[in-house]
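Undergrad: Residue 351 is where the sequence shown starts when you use my numbering, and the numbers rise one by one after that. Below you will find the structure I want to go over with you.
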Amino acid sequence: MIFFEAHKRIGMEQQYYVKVLENVSWGLHFHSAYECISVLEGSVECVIGHERNTLTKGEAAFIMPEQLHSIETRETSKVQVLVFLPELAEDFHAVYQEKVPQNVKFVCAVQEWEKEPENIYLLKALLYRVCGSLVQQTAFVKRKTLSQDRLLYSLISYIEEHYMEECSLNQVAQICNCDYFYASKIFSETAGMGFLEYVNRLRIYRACHMLRETDYSVLRVSEECGFQSLRSFNRNFTKYVKCKPTQYRRENKLV
Numbered sequence: 351m352i353f354f355e356a357h358k359r360i361g362m363e364q365q366y367y368v369k370v371l372e373n374v375s376w377g378l379h380f381h382s383a384y385e386c387i388s389v390l391e392g393s394v395e396c397v398i399g400h401e402r403n404t405l406t407k408g409e410a411a412f413i414m415p416e417q418l419h420s421i422e423t424r425e426t427s428k429v430q431v432l433v434f435l436p437e438l439a440e441d442f443h444a445v446y447q448e449k450v451p452q453n454v455k456f457v458c459a460v461q462e463w464e465k466e467p468e469n470i471y472l473l474k475a476l477l478y479r480v481c482g483s484l485v486q487q488t489a490f491v492k493r494k495t496l497s498q499d500r501l502l503y504s505l506i507s508y509i510e511e512h513y514m515e516e517c518s519l520n521q522v523a524q525i526c527n528c529d530y531f532y533a534s535k536i537f538s539e540t541a542g543m544g545f546l547e548y549v550n551r552l553r554i555y556r557a558c559h560m561l562r563e564t565d566y567s568v569l570r571v572s573e574e575c576g577f578q579s580l581r582s583f584n585r586n587f588t589k590y591v592k593c594k595p596t597q598y599r600r601e602n603k604l605v
């Protein structure tokens, strides 16, 4: 189960990365980097902004910085994910930073990276090939930030900061000075799931990381990930990961 990317907070020490992943499902989120998702096998359903598309083998989608997006595998998928900071494509960024592609689906010029670029110039050449193929295949339109988008940014930012403690939609709605039912409707329609499910999925993602990379007890992991009881943690873990926490740790331990 892959739900949230490691690149949500990609920093200057890692200006880009490219990975091939299988059966990905990432919840609604945003980040400051460009992202290109290319489907190598199977298919994925991708939400970018408020547009939902199905990508099949040979197709790609391009996401601009700070653009809300999610991806879900219905059956099986193998995708290449390319993430890079605007500094690596300065000319492209200077022209298009205030715009979004009219059509997010395109055929990427770089389907699979065979090896790591040997220097910054070869890296930039590859990135500009990706950007160039996008510009060649679609027009761009001025980016519009709707009031519901601002609400979604606030909701997601709050969740990321507070998911390891008590975190309810009622709390966030009050902080955002927003009607509870309106916030619930906008969130579920765009994220494809309710607020609580989103929070629990993020908690389980964090729990998987801790089970792999620490020796913390299962009880401590559950508490640090925001679950009020071990029973609730075990139930949600089994629901989303399809196995018990102890089994997951045994099969995936890194240290």
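A virtual CB, placed ideally from N, CA and C, is assigned to each residue, including glycine.
Using DSSP's beta-bridge definition, name the partner residues of S375.
TA: Paired residue(s): none; S375 is not in a bridge.
Undergrad: How big is the Cα-Cα spacing for T404 and Q364?
TA: 30 Å
Undergrad: For V370, count neighbouring C-beta atoms within 10 Å of its own C-beta (all shown protein chains included) and say buried if the count is 16 or more, exposed if not.
TA: exposed
Undergrad: Taking the straight line between their C-alpha atoms, what separation do you get for P415 and L390?
TA: 23 Å
Undergrad: Verify whether the separation of the beta carbon atoms of S427 and V394 is less than 8 Å.
TA: yes
Undergrad: Name the DSSP bridge partner or partners of G392?
TA: S427
Undergrad: Using only the alpha-carbon positions, how far apart do E573 and H512 sit?
TA: 13 Å
Undergrad: If we ignore side chains and look at the alpha-carbon of each, how far apart do D499 and S538 end up?
TA: 13 Å
Undergrad: Using only alpha-carbon positions, find the residue among T588, N527, I413 that is nearest to R553.
TA: T588
Undergrad: State the start and end residues of the unbroken beta strand (DSSP E) segment that holds K492.
TA: 490-492
Undergrad: Taking the alpha helix (DSSP H) that E422 belongs to, which residues open and close that run?
TA: E422 -> not in any alpha helix (DSSP H); beta strand (DSSP E) instead, spanning 419-422.
Undergrad: What does the Cβ neighbour count give for N520, buried or exposed, with the cut at 16 atoms within 10 Å?
TA: By the 10 Å Cβ count, N520 comes out exposed.
Undergrad: DSSP puts E547 in a beta bridge; with which residues?
TA: In DSSP, E547 forms no bridge with anything.
Undergrad: I'd like to know if the segment 524-539 and the segment 554-571 are in contact, where contact means that at least 3 CB-CB pairs between them fall below 8 Å.
TA: Result no; under three Cβ-Cβ pairs closer than 8 Å.
Undergrad: For I387, count the other beta carbons within 10 Å of its own beta carbon; 16 or more makes it buried, fewer makes it exposed. Which is it?
TA: buried
Undergrad: In angstroms with no decimal places, state the Cα-to-Cα distance between R359 and Y555.
TA: With a pLDDT of 45 at R359, under the threshold of 50, the modelled position of this residue cannot be trusted; read the value that follows with caution. Roughly 16 Å between the two C-alpha positions.
Undergrad: Going straight from the alpha carbon of I421 to that of E385, what length do you get?
TA: Taking the Cα positions, I421 is about 12 Å away from E385.
Undergrad: Mapping DSSP to helix, strand and coil, what is L405?
TA: Here L405 sits in strand by DSSP.
Undergrad: Between the C-alpha atoms of G482 and R599, what's the straight-line distance to the nearest angstrom?
TA: 43 Å
Undergrad: Can L484 and F412 be called in contact, C-beta distance under 8 Å?
TA: yes
Undergrad: Where does V327 land, buried or exposed, given buried means 16+ other C-beta within 10 angstroms?
TA: The first residue shown for the chain is 351 and the last is 605, placing residue 327 beyond what the model contains.
Undergrad: Sort Y590, V450, L473 by Cα distance to T488 and report the nearest one.
TA: V450
Undergrad: Given a cut-off of 8 Å, decide if A383 and L418 are closer than it, judged by their beta-carbon atoms.
TA: no
Undergrad: Can you name the residues that DSSP bridges to V613?
TA: Here the chain has residues from 351 to 605 only, and residue 613 is not among them.
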